[in-house]
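First up is the structure itself, then whatever we jot down about it.
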Amino acid sequence: MKIFTLLAAAAASIATVSGYNVIDRQYVDISIEYSIVQTPEITEKNVAQWVNGDEVTLQYKLENNEKSVVTVIGVGGMFANPVTNEIVTNLTRGQIGPITVAPGTSSVFEQRIGVDLIPDNYQLVPQVFIAHEDLIKVVACRGQLASVADKSISFFDPRLIFLELVLIASLAGLGYLVYDIWGKRYFAATQPVKVKKTTDATKVTSTGSGYDVNWVPESHLKQKKTKKVA
Ligand SMILES: *[C@@H]1O[C@H](CO)[C@@H](O)[C@H](O)[C@H]1NC(C)=O
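Under mature numbering (1 follows the signal peptide of the UniProt record, and there is no 0), the residues of the sequence shown are numbered -19 to -1, 1 to 211, in order.
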């Protein structure tokens, strides 16, 4: 098969390329390195900290040490469990170029990865699809350990603002209810006392019964009265 046919096939169906073994780089004399554009200081020696909703851009540099052309046609990869290496999710395969890398030269290209995972620790294993000597090959790149967390909800998050409004509304409703069944009577009862206090407080507030009538709920007093009658 000619490389053009391969490229055409790859361009049409890079998303469905399957059955190609992931090859070890020693079979193709190329070197592929990548750095994270957003956090270039994070390498395979660090654990990247990503938040769901983040977009991570990988910048690759492919060096072709072969005697023939290597063509970059796509990127893919996976998030794996760092302990068991089990694939948790496959990355969406994306077409690249095709970028033709002549022998002895290098080329730079990028891959964007949207982070949307269950908060946990992962090993990101990016893959690069290349065409070389009439074959499509999938090259696995170095792994990147990453800890993925959910976005902490900001005070101004619309969802939180909505819940805050609900809370305020229910508290306001409760406050009104309390005022309506208890507060109104309380204020009604205390108001005359305050007024009379200026004239003769002791006389008004103290009653023979030993408690301040003004502080006793009306219903309670009524109850007492009815009891006396009975
Ligand atoms: C990821 O892709 C591989 C190869 O195409 C497939 O065997 C595997 O089931 C996929 N895993 C998940 C979790 O989608």
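A virtual CB, placed ideally from N, CA and C, is assigned to each residue, including glycine.
Only residues of its own chain outside the window of five on either side were considered, and among them Val50, Thr52 have a CB closer than 6 Å to the CB of threonine 81, listed in chain order. For tyrosine 157, the enclosing alpha helix (DSSP H) begins and ends at 139 to 159. In the structure shown, the three-state DSSP call for lysine 118 is strand. Valine 89 and aspartate 115 have their C-alpha atoms some 22 Å from each other.
In this structure, DSSP gives glycine 164 a helical state, which the three-state scheme calls helix. In its chain, beyond the 5 residues on either side, no residue has a beta carbon closer than 6 Å to the beta carbon of phenylalanine 137. Counting of Cβ neighbours within 10 angstroms places tyrosine 8 among the exposed residues, the total staying below 16. Per DSSP, leucine 126 is one residue of the beta strand (DSSP E) stretching across 125 to 130.
By the 16-neighbour rule on beta-carbons within 10 angstroms, isoleucine 111 is buried.
For asparagine 62, there is no enclosing beta strand (DSSP E), as DSSP marks it with neither H nor E.
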